[in-house]
Each structure stands twice: as structure tokens, then as C-alpha cells.
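Q: Residue numbers (the working numbering): 163 to 487.
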Ligand SMILES: Nc1nc2c(ncn2[C@@H]2O[C@H](COP(=O)(O)OP(=O)(O)O)[C@@H](O)[C@H]2O)c(=O)[nH]1
Ligand SMILES: [Mg+2]
Ligand SMILES: [Zn+2]
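(1) Cα separation between residue 241 and residue 217?
(2) Would you be able to state if there are at least three C-beta pairs under 8 Å between the segment 444-462 and the segment 260-268?
(3) Using a Cβ-based criterion (distance less than 7 Å to any ligand heavy atom), does residue 455 qualify as near ligand 3?
(4) What separation, rounded to the nearest whole angstrom, lies between the Cα atoms of residue 327 and residue 428?
(5) What are the residues that DSSP puts in a beta bridge with residue 419?
(6) Relative to the C-alpha of residue 159, which residue among 460, 439, 456, 440 is closest?
(7) For my contact list, residue 431 and residue 301 are in at a C-beta cut-off of 8 Å; report their separation, rounded to the angstrom.
(8) Can we count residue 375 as close to ligand 1, meaning its CB is less than 7 Å from some heavy atom?
(9) How should residue 319 be labelled, buried or exposed, when 16 other C-beta atoms within 10 angstroms of its C-beta is the threshold for buried?
(10) State buried or exposed for residue 285, treating a residue as buried only when at least 16 other CB atoms are found within 10 Å of its CB.
(11) Which residues does DSSP pair with residue 241 in a beta bridge?
(12) Is the beta carbon of residue 419 sitting closer than 8 Å to the one on residue 380?
(13) Can you tell me whether residue 337 is helix, strand or coil according to DSSP?
(14) For residue 317, which residues in the same chain have their Cβ closer than 8 Å to its Cβ, ignoring the five residues on either side in sequence?
(15) Measuring only the C-alpha atoms, how far is residue 502 from residue 454?
(16) When the Cα of residue 333 is compared with those of 310, 314, 321, 315, which residue comes out closest?
(17) Please confirm whether residue 382 and residue 411 have their CB atoms less than 8 Å apart.
(18) Which first and last residues belong to the beta strand (DSSP E) in which residue 248 is found?
(19) Can you name, in chain order, every residue of its own chain whose Cβ lies under 6 Å from the Cβ of residue 235, other than the five neighbours on each side?
(20) Flag residue 463 as yes when its Cβ comes closer than 7 Å to any non-hydrogen atom of ligand 3, and as no otherwise.
(21) Return helix, strand or coil for residue 458, following the three-state DSSP convention.
(22) The alpha helix (DSSP H) spanning residue 303 covers which residue range?
(23) Say yes only if the C-beta of residue 370 is nearer than 7 Å to one or more non-hydrogen atoms of ligand 1, and no if none qualify.
(24) Would you call residue 374 buried or exposed, if buried means 16 or more other Cβ atoms sit within 10 Å of its Cβ?
(25) I'd like the list of long-range same chain contacts for residue 363, defined as Cβ closer than 7 Å, with 5 residues on each side in sequence excluded.
(26) Would residue 435 count as contacting chain C if we go by Cβ distances under 8 Å?
(27) Can residue 319 be considered in contact with ligand 1, in the sense that its beta carbon sits closer than 7 Å to one or more heavy atoms?
(28) How is residue 319 classed by DSSP in three states: helix, strand or coil?
(29) Taking the alpha helix (DSSP H) that residue 479 falls in, what are its first and last residues?
(30) Tell me the DSSP secondary structure of residue 360 in three-state form.
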């Protein structure tokens, strides 16, 4: 065998080695594909639209809603992966509305996930307006990274809505609503609210009986065909909401209706989150940089409370939520 032949043999061996390597790579890829086939039960990116004990209703992109099992704690608005009709994973949440579990204070309960807007629904009367609850929801919004809106309902029952209007000072959009229908409208403020929610995922939160479900029905009036069961599901006051549900309106607004929460504790907050929930306090300077706005001399916040610029109730809320820090 001369040199050239030797080189030729070497080339052939190299080629065969190459071929073998290629075959191995191909076989491995095939095995891998087999594993993927074994996971054909996997479905990614479904939206959770309802939750119940051990189950949730999911709406796969473009598909029909259906019930799935879950061992994980999911919330409406969650994006989940489903494997064999069971929740396999929850996508990281962009925002949340959560509260402390009243039974186990070390546990946080997520009420809604990935929402853009928290609609704090509070009646001006029947039940009476409770600013303390509004303040706690504002803290929850700051904590969860959500834009809050205050929706004052039942404005047909009281002419004076100033108790709620003060929240404009705190930079919170305030919408005055009533579902009582005047001619040619779906009710006071309904169009305005619908406009604010267009294209967003929102959650309705507030005390039971304030009119959340009625509001949803009024908003959905323009989309009855599309939302179908909304009025039967929420039943305009005749049916009490017992679990959260995500509804879709014609203008792309998606709304999570929640049952009334008797006790709402937003959990522990940082100084920054507290400042975000009470932004109007920043206008008033205090003598001491680390002023706790309690007994310190030269406290601008207390001065503002004394001269009526800050409502007393809002100041009391602040102290209560702030606690000891
Ligand atoms: N006067 C008046 N009553 C309302 C209005 N909205 C709701 N209600 C009534 O308030 C009650 C509770 O309403 P509902 O929507 O079930 O409240 P939810 O528990 O917050 O969902 C029902 O009897 C409604 O008819 C409103 O704008 N004006
Ligand atoms: Mg309801
Ligand atoms: Zn101060």
C-alpha cells in the first residue's frame, strides 16, 4: 500500500467514523423525539378562568373552556401548562391581587393573577362607604403591581359622594356608577368604566353587596350574545357570587368577578409600597426625615390632617397599615 492508498484508507475510516457519529446523533435525536411524544398530553399556555376545590376551568388559546384537576393553588388570570387534564405548571405571575389567609396568617392567597387593573368597588350607601377597606385595597394594588380604580356604586342612593371623591387627591381614578338605567344609557358611569377597562384584564373586588355582579351585568349588556351566561351566572343580585370567574366583554376587556371578602388583609408591606398607596402624603414635608407621623414635632402629615387637607380616616388607615415600622 503506497502513501496515497494509505491516505485513502484513512479518509475512508474517517468517513465511516463520521457516519457512525452521525448515526448516533440521529438515534439520540429520535429517542428525544420519542420522549416528546410520550408528553403529548402536554398543553401549554391555557388561561385559568375559574377555580374550585381541586379543580379549575381553563380556556386554551382559541379553544373551548373545560374543567381540569389541580394540586397547585391557581387563581383566575393564571397562565398554566396542562398535562393529562391536570395543571402541571403555573407561569410566573406578572402581577397579583393577594391577601393574607384569615386562618393561616403565614399564608398568602392569590385572588387574581396577571391583572392590569384592580377595580375597587365600594357602594356610597347600602352598605355604607368604608374608606378603611379602600385603603387596604390600595395597599394591595401597590404590593401586587396593579393600577387601582375606585368605582363608587349606587350613586342613585346618595347625592353626596365626597367621601369617595377624596381619592382623586391620592391619584386614583374615581368613577361614579349606578346600574339604574336612565333612558339611552346602560346606567351612570357604565360607558366610562367600560372605556377604562377596554383591552385590559381587571378584577372586581369589594365587600359583598356593593354591586360588583350588577356592574358586570351592566357592562356586559352590550355584549350579551358574546358573554352568554353572564346574567344567569351572576344573576343581578338574586344569585350570590360564590367563586371567582373571568368574563370577556366585546371590547376586549376581561373581568374577574370575585365573591365578597369579609376580611381583607393585604399582608405585610414595605415603606415604598405604603408610599405608593398614600402618594398625596409626599406633598407634606416633616421636620425629621425618618418621621413616623405619630408624635414627632413638626410633622407635616399631622398638620395636613389638622387643617383638613388629608382626611382623618385616611391618616388612621395609614397608621394602622404601617404598624410598628
Ligand atoms: N340602588 C342601587 N342598587 C344596586 C345597584 N347596584 C346593585 N344594587 C343592588 O345591590 C344588591 C347587591 O348587588 P350585587 O351585584 O349582587 O353585589 P355583589 O355582592 O357586590 O356582587 C342587589 O340587591 C342589587 O340590586 C345600584 O347601582 N343602585
Ligand atoms: Mg357578586
Ligand atoms: Zn411626619
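All C-beta atoms in this analysis are idealised placements derived from N, C-alpha and C, irrespective of residue type, glycine included.
No experiment lies behind these values; they were computed from the predicted model shown.
A: In short, the structure shows the following:
(1) For residue 241 and residue 217, the distance between alpha carbons rounds to 15 Å.
(2) Verdict: no, contact absent.
(3) yes
(4) 23 Å
(5) 366, 407
(6) Past the edges of the chain, shown from 163 to 487, lies residue 159, and the structure says nothing about it.
(7) At roughly 6 Å, the Cβ-Cβ gap stays under 8 Å, so residue 431 and residue 301 are in contact.
(8) yes
(9) exposed
(10) buried
(11) 209
(12) Residue 380 is positioned such that its CB atom lies no closer than 8 Å to that of residue 419.
(13) strand
(14) 286, 323, 338, 339, 340, 350, 351
(15) Nothing can be reported for residue 502: it is not among the residues displayed for the chain, which extend from 163 to 487.
(16) For the residues 310, 314, 321, 315, the minimum Cα distance to residue 333 belongs to 310.
(17) yes
(18) 248-252
(19) none
(20) yes
(21) Of the three classes helix, strand and coil, the one that applies to residue 458 here is coil, per DSSP.
(22) 293-306
(23) Indeed, a heavy atom of ligand 1 lies less than 7 Å from the Cβ.
(24) buried
(25) Apart from sequence neighbours up to five positions away, the residues of its chain that approach residue 363 with a beta-carbon distance below 7 Å are 239, 276, 277, 278, 416, ordered along the chain.
(26) Considering every chain present, this structure includes no chain C. It has just one protein chain.
(27) yes
(28) coil
(29) 474-484
(30) coil
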